[in-house]
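**Q** Heads up: the sequence shown begins at 726 in our numbering, then just goes up one per residue.
Before I ask anything, here is the structure I am working with.
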Amino acid sequence: MIVANWKCNGSKAMINEWTNNFLTNYVEMKKAFIGIAPPSIYIDSILDTKLSKLKEINIGSQDIDISSGARTGAISSEMILDFDCKFSIIGHSERRQFFNEKNDEIKQKILKIANKTLTILCVGETEEENKNDQTKDVLKRQLGVIKDIEFNDSLVVAYEPVWAIGTGTTPTPDKINEIHKFIKDVVQSFSDNSAIPMVLYGGSVNQDNAENFFKEESVDGALIGGASLDGRQFANIINIFNGINLK
Ligand code: 13P
């Protein structure tokens with residue numbers, strides 16, 4: 726599973742160019758789930774491109790609000806479902822950092838979409854927490870929001886260490902693997918019935934380092950920011966994930 730998070734980037738012109746570049750490089754493989762989360766205002770523009778003809782491509786949202794109604798500027802869960810969004814990213818560290826989102830709000834958002842569309846829950850420690858050896862405690866706390874929620878295979882966790890996002894620095898592949906195993910164990914410990922979730926890695930993934938992460942057993946894919954803004958590079962990363970390295 727490979728997901729593009731465009732964050733607050735893009736334009737109508739960019740979408741056209743991106744689509745052409747992506748389609749030139751992408752080697753069709755129906756098996757992988759490819760996600761694209763553009764800014765919400767562009768969801769319809771992407772659904773209008775040739776990308777929508779590829780069954781493996783799924784459009785999703787970068788966030789949702791806790792409710793509809795008198796909440797100026799917000800996008801509700803009903804709206805993203807109305808546009809047939811196949812997933813929503815929830816709890817991204819930029820939402821936690823710049824919009825002051827706390828775990829209780831994140832839980833409310835998840836409850837809005839659980840089992841209606843895929844939840845991609847982002848978790849990750851800051852640089853300071855990493856240095857202080859608090860990573861596992863922080864992750865356990867962040868994962869606590871899904872306790873008591875029954876997911877029918879509709880939960881994906883993205884491990885995104887805050888210090889690796891947009892910095893060009895990443896944990897080593899074996900460290901990422903260890904953390905992904907830990908995340909799967911924690912989620913399973915919440916309920917005997919819960920399926921082991923897919924865990925994606927996010928933070929400075931690009932076409933040059935992706936293969937090293939994908940080789941690890943517990944890495945089920947990637948959530949990609951900067952490198953996903955280039956359609957050619959995003960296609961290359963998917964090809965690498967699918968075992969084809971043409972770059
Ligand atoms: P970068 O790939 O730009 O480091 O961003 C990762 C991310 O935040 C994806 O959600």
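Just so it is clear, CB atoms sit at the ideal spot from N, CA and C, and this is done for glycine as well.
1) Short of 8 Å in beta carbon distance, which residues of its chain neighbour residue 774, apart from the five on each side in sequence? Order them along the chain.
2) Among 770, 862, 802, which residue has its Cα nearest to the Cα of residue 838?
3) Nearest-angstrom Cα distance between residue 922 and residue 738?
4) Pull up the distance between the alpha-carbon of residue 956 and that of residue 841, whole angstroms please.
5) What is the DSSP secondary structure of residue 925, counted as helix, strand or coil?
6) Fully enclosed by the segment 869-895, which beta strand (DSSP E) runs are 3 residues long or longer?
7) For residue 755, does the count of other Cβ atoms within 10 angstroms reach 16, so buried, or fall short, so exposed?
8) Indicate the three-state DSSP secondary structure (helix, strand or coil) for residue 812 in the structure shown.
9) For the 8 Å Cβ check, are there 3 or more pairs between the segment 888-906 and the segment 939-957?
10) Do the CB positions of residue 946 and residue 886 come within less than 9 Å of each other?
11) At a threshold of 8 Å, does residue 817 count as lining the ligand 13P (C-beta to nearest heavy atom)?
12) Relative to the ligand 13P, is the shortest distance from any of its heavy atoms to the C-beta of residue 852 smaller than 8 Å?
13) Would DSSP call residue 849 helix, strand or coil?
14) If we ignore side chains and look at the alpha-carbon of each, how far apart do residue 901 and residue 787 end up?
15) Looking at residue 761 and residue 748, is the spacing between their C-beta atoms short of 9 Å?
16) Can you give me the Cβ contacts of residue 730 inside the same chain, cut-off strictly under 8 Å, excluding the 5 residues immediately before and after it?
17) Between 919, 882, 863, which lies nearest to residue 905 when the distance is taken from Cα to Cα?
18) On a CA-only basis, which of 899, 916, 964 is nearest residue 940? Give me that one, please.
19) For the beta strand (DSSP E) containing residue 948, name the first residue and the last one.
20) Please list, in chain order, all residues of the same chain as residue 799 whose beta carbon is under 6 Å from its beta carbon, the five residues on each side excluded.
21) Taking just the CA atoms, how far does residue 811 sit from residue 805?
22) Would you say the beta carbon of residue 946 is closer than 8 Å to some non-hydrogen atom of the ligand 13P?
23) With 16 other CB atoms within 10 Å as the buried threshold, where does residue 847 fall?
24) Would you please state the rounded distance, in angstroms, between the beta carbons of residue 794 and residue 764? I believe it to be under 8 Å.
25) Under a Cβ-count criterion, where at least 16 other Cβ atoms within 10 Å of its own Cβ denotes burial, should residue 768 be classed as buried or exposed?
**A** On the basis of the data shown:
1) So the qualifying residues of the chain are 740, 741, 744.
2) Ranked by Cα distance from residue 838, the first of 770, 862, 802 is 802.
3) Going from the Cα of residue 922 to the Cα of residue 738 covers about 36 Å.
4) Straight-line measurement puts the Cα of residue 841 at about 29 Å from the Cα of residue 956.
5) Strand.
6) The qualifying runs are 880-884.
7) With fewer than 16 other Cβ atoms within 10 Å, it is exposed.
8) When secondary structure is reduced to three states using DSSP, residue 812 falls in the strand class.
9) As far as the Cβ criterion goes, the segment 888-906 touches the segment 939-957, which means the pair count is three or higher.
10) Against a cut-off of 9 Å, the Cβ pair of residue 886 and residue 946 comes out as no contact.
11) Correct: residue 817 has its Cβ closer than 8 Å to the ligand 13P.
12) Not one heavy atom of the ligand 13P lies closer than 8 Å to the C-beta of residue 852.
13) Look at residue 849 here: in three-state DSSP terms it is coil, with no helix or strand label.
14) So the alpha carbons of these two residues sit roughly 23 Å apart.
15) Contact: no.
16) Within the same chain, residue 730 has close Cβ partners 762, 787, 814, 817, 927, 948, 949, 950, 953.
17) Minimum Cα distance to residue 905 is reached at 882.
18) When C-alpha distances from residue 940 are compared across 899, 916, 964, the shortest belongs to 899.
19) Looking at the DSSP string, the run of the beta strand (DSSP E) that includes residue 948 is 947-949.
20) Here the set comprises 790.
21) Residue 805 and residue 811 have their C-alpha atoms roughly 9 Å apart.
22) For the ligand 13P, not one heavy atom lies less than 8 Å from the Cβ of residue 946.
23) Result: buried.
24) Actually they do not touch by this definition, with Cβ atoms about 22 Å apart.
25) By the 10 Å Cβ count, residue 768 comes out buried.
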